[in-house]
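Colleague: Mind having a look at this structure? Questions to follow.
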Amino acid sequence: MTGSILIVDDDPVQRRLLEAALTKFGHTAIVTDGGDAGLDVLDGPNAREVSVVILDLVMPGLDGIGVLKAMRERAINIPVIVQTAQGGIETVVSAMRHGAFDFVVKPASPDRLQTAISNALKVEAVEDEMKRVSRRRGGGHLTFKDMITRSQAMDRVIRLGQKAAASNIPILIEGESGVGKELVARAIQGSGDRRSRPFVTVNCGAIPDNLVESILFGHEKGSFTGATEKHTGKFVEASSGTLFLDEIGDLPLDVQVKLLRAVQEGEVDPVGGRSTVKVDIRLISATHRNLLQQVKDGKFREDLFYRLNVYPIFVPPLRDRRDDIPYLVRHFMEKVAPTDPRRRLAGISASALAMLQAYDWPGNIRQLENAVFRASVLAEGDLLTEEEFPQIRAQVEGTVNLEADPASAAAETTAETSPQADETVADATGFALFDSEAPARLQPRFGTLRALDERGNVRALADVELEMIKLAIDHYNGQMSEVARRLGIGRSTLYRKLKEYGIDPEAGRVDRLAS
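Per the UniProt record's numbering, residue 1 is the first one in the sequence shown, and the count goes up by one each step.
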C-alpha cells in the first residue's frame, strides 16, 4: 500500500481540486497551505507516511524552489511533482535543477496528474528496493579503483588522492555540488591505514545553527533544553577513523573557533561538559564555496582556512569530463538492473548518449544519476532513447510542450540525428553505441569518433584529435570561440593546431576543408 500524498499549495480552490482528484485515484491526501506548513509535515512524525509531494512553485513566503532547497539540505528524498501556471522552460529547468521529479501545468488534467503520480511511486519503489539490495550486499572499502572515470581531468584528482591516503594531513576537497566530493573522501579513507575504522560524515549545511556545536562536539544530559540524554558527538564517533565535514563553508563563525581548537589540539569540549575529550581523527573537509573569498568577506576564519587547506584537491565538474558520461550512464543503469532481473535494459541509443554528452549538467553526477535512474525505471522498451530524457532533451534542443506528458513532449522536439538513430547494437558490455549496419564495429554514430582503424588497431592520437576538431567546427558552424570553449582549449591553441594540420581557419565549416 502506498503512503499519503502531500499537497503544498496556497490556493484553497486548487487544494480542493487536487484533494478530490487524489481521493478519486484512491490516494490519501495531506493538505497544507504553504511552503512552511509543508516543511513542517516533512520534518514531523508523519513524514514517513508521505510518498509523493505535489508542490506549487509560486507561493507567498517560502515558495516552491525554497521548499526544494530545504528538502535537499535536510536530505528529504521524496519525489516532488511541481505545479506551475507559467509553462516557460526556464521555470521547469530551475525546478528540475533543485530536485523536482516531474512537472504539471495548471490546470492539470486528471490523466496527466495520475501519470505523474504513478511514475513517482514506481521510481520510489525501485529506489527502496535498490537500498535493500545494497544493504544485503554489505560493505567493502571503496578505493580509487572503484571510481567510474576515464577522463584526464580526473587523473590529477586520483593521483592527489592516492598520495593523500598515505598520510594523515587535513584535506580540503573543493568542487561544485554533485561532483562526487564524498566519493573522493571515501576513496582516500578506503586506501589508507584507517580503512577498517569509522568513516563519519556530517553535512554542515543541513544542521540548524543552534545544534551544530552539540552535533559535532557532543553534549551532557541536561546541558540545554531538550538535552534529555548524553550525546557523544561526531568527533568522538569518528575517533580512530575519518571525519568528513561536508559543506564546511556553512559553519557559523562561533563554531569555527572550536573546530580550530579541535583540529589543532586533538580534543573537544562537549556542551555542558566539565572536561575535554581527546580524539584521534583524520579530518577531510569539502565545500562548493570559494573559501578564500569567504575569508575576504569575513564569513570564514583565516586561521581555520589555512589549517584545513593543507592539502587541497579540486574535483572538476561533469561538463569538464564528458568522456566519463558513457561509463557513468552504464554504471547507473546497472545499479537499477538487480531490482528487476527479468527486465534488463540492453543499453542506450547513440543519439541519446550524444544528447547526454551535449548537456552541461549543472547538477553534475548527482543530476546525471537521477536522470538515468528515472529513465531506466520508466522506459517502456529495452533501450534508452532520447524520449526517456524529456527535460534534458528540452534544454539541449530549446523547446518543449509542457502541457503534454513527458513522452509526447519529447516527441514534439526535433533531433538532428541520422535516420537510423534507433538501430543500435550493444557492445561487449551490453552498452548500445553503434549502428547495426556498420561493418561490425567501425562505423561511428553521431557525436562519436572511431577509436580503431580498419585493421582493428587503435588510431593515432593526432588522427583522433584532427577528426574531433573538424567535427567541432562543423557542429558549431565555424564559430571558433565556441569550438575552442567546447574543446576545452584556448582560441590561440585552436588556431595553432589548425595551422599544424594545414587547415585554413577562415574556411569556416568542415565541408569546405580538404581532408
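Glycine residues also receive a C-beta, built at the ideal position from the N, C-alpha and C atoms.
Is R289 helix, strand or coil by DSSP?
Modeller: coil
Colleague: Given R282, which residues of its chain have a CB within under 6 Å of its CB, disregarding the five upstream and five downstream residues?
Modeller: N168, R194, T242
Colleague: Just to check my reading of the structure: C204 and E247 have Cβ atoms closer than 8 Å, yes? What is that Cβ distance to the nearest angstrom?
Modeller: 5 Å
Colleague: What residues are listed by DSSP as bridge partners for G347?
Modeller: L383
Colleague: Check the C-beta distance from S4 over to T32 and give it rounded, since I have them as a contact under 8 Å.
Modeller: So it is not a contact: roughly 12 Å between Cβ atoms.
Colleague: Please state the DSSP three-state secondary structure of Y501.
Modeller: Y501: coil per DSSP, three-state reduction.
Colleague: Between which residues of its own chain and A47 is the CB-CB distance below 7 Å, once the five residues before and five after are set aside?
Modeller: V41
Colleague: Should D297 be labelled buried (16 or more other beta-carbon atoms within 10 Å of its own) or exposed?
Modeller: By the Cβ neighbour-count rule, D297 is exposed, with fewer than 16 other Cβ atoms within 10 Å of its own.
Colleague: Give the single residue among N77, L62, K106 whose Cα lies nearest to the Cα of Q83.
Modeller: K106
Colleague: Just verifying my parser: in three-state terms, what is the DSSP assignment at V93?
Modeller: helix
Colleague: With Q83 as the anchor, note down where its beta strand (DSSP E) starts and where it stops.
Modeller: 80-84
Colleague: By DSSP, does T23 sit in helix, in strand, or in coil?
Modeller: T23: helix per DSSP, three-state reduction.
Colleague: Strictly by DSSP, which residues pair up with Y359?
Modeller: Note: Y359 sits in no beta bridge, so no partner.
Colleague: Under a three-way DSSP split, which group does E174 fall into?
Modeller: E174 falls in the strand class under three-state DSSP.
Colleague: Please return the same chain residues whose Cβ sits closer than 7 Å to the Cβ of G66, not counting the five positions on each side in sequence.
Modeller: Its chain contains G35 as the residues whose beta carbon lies nearer than 7 Å to that of G66, once the 5 sequence neighbours on both sides are disregarded; these appear in chain order.
Colleague: In the DSSP assignment, find the beta strand (DSSP E) that holds D324 and state where it starts and stops.
Modeller: Careful: D324 lies outside any beta strand (DSSP E) and carries neither H nor E.
Colleague: What separation, rounded to the nearest whole angstrom, lies between the Cα atoms of H219 and T385?
Modeller: Taking the CA atoms as reference points, H219 sits about 53 Å from T385.
Colleague: If you follow the alpha helix (DSSP H) that L211 is in, where does it begin and where does it stop?
Modeller: Neither: L211 is in no alpha helix (DSSP H) and is coded neither H nor E.
Colleague: Under three-state DSSP, which class holds H98?
Modeller: coil
Colleague: Per DSSP, what kind of secondary structure is P12 in: helix, strand or coil?
Modeller: Collapsing the DSSP output to three states places P12 in a helix.
Colleague: Please report the distance separating the alpha-carbon of V400 from that of A394.
Modeller: With a pLDDT of 38 at V400, under the threshold of 50, the predicted position of this residue should be treated as unreliable, and no value is reported.
Colleague: How is A120 classed by DSSP in three states: helix, strand or coil?
Modeller: helix
Colleague: For N364, name the three-state secondary structure that DSSP assigns.
Modeller: Helix.
Colleague: Of the choices P326, L378, P317, whose alpha-carbon is the least far from that of G178?
Modeller: Closest by alpha carbon: P317.
Colleague: Taking the alpha-carbon positions, what's the L461 to A164 distance?
Modeller: 32 Å
Colleague: According to the neighbour-count rule (16 or more other Cβ atoms, all chains shown, within 10 Å of its Cβ), is Y359 buried or exposed?
Modeller: buried
Colleague: From which residue to which residue does the alpha helix (DSSP H) around D40 run?
Modeller: Looking at the DSSP string, the run of the alpha helix (DSSP H) that includes D40 is 35-43.
Colleague: Restricting to Cα atoms, I'd like to know which of F314, Q294, V310 is closest to A159.
Modeller: Inspection of the sequence shows that residue 159 is occupied by Arg rather than by Ala. Closest option to R159, Cα to Cα, is F314.
Colleague: Let's test the definition: count the other Cβ atoms within 10 Å of the Cβ of H231 and tell me whether it reaches 16, buried, or not, exposed.
Modeller: Label assigned to H231: buried.
Colleague: Once you ignore the five residues that flank V123 on each side, which residues in its own chain have a CB closer than 8 Å to its CB?
Modeller: P79, F101, F373, R374, V377, L378
Colleague: In three-state terms, what does DSSP make of L142?
Modeller: coil
Colleague: Please report the Cβ distance between V329 and L356, rounded to the nearest whole angstrom; I am assuming they are in contact, meaning their Cβ atoms lie under 8 Å.
Modeller: Between L356 and V329 the Cβ distance is about 7 Å, and since that is below 8 Å, they are a contact.
Colleague: Which word fits E229, buried or exposed, when buried means at least 16 other C-beta atoms lie within 10 angstroms of its C-beta?
Modeller: exposed
Colleague: Output needed for A206: all residues of its chain with C-beta closer than 6 Å, excluding positions within five of it in sequence on either side, in chain order.
Modeller: E73, R74
Colleague: Please report the Cβ distance between G249 and F300, rounded to the nearest whole angstrom; I am assuming they are in contact, meaning their Cβ atoms lie under 8 Å.
Modeller: 6 Å
Colleague: Beta carbon of H141, beta carbon of G190: below 7 Å?
Modeller: yes
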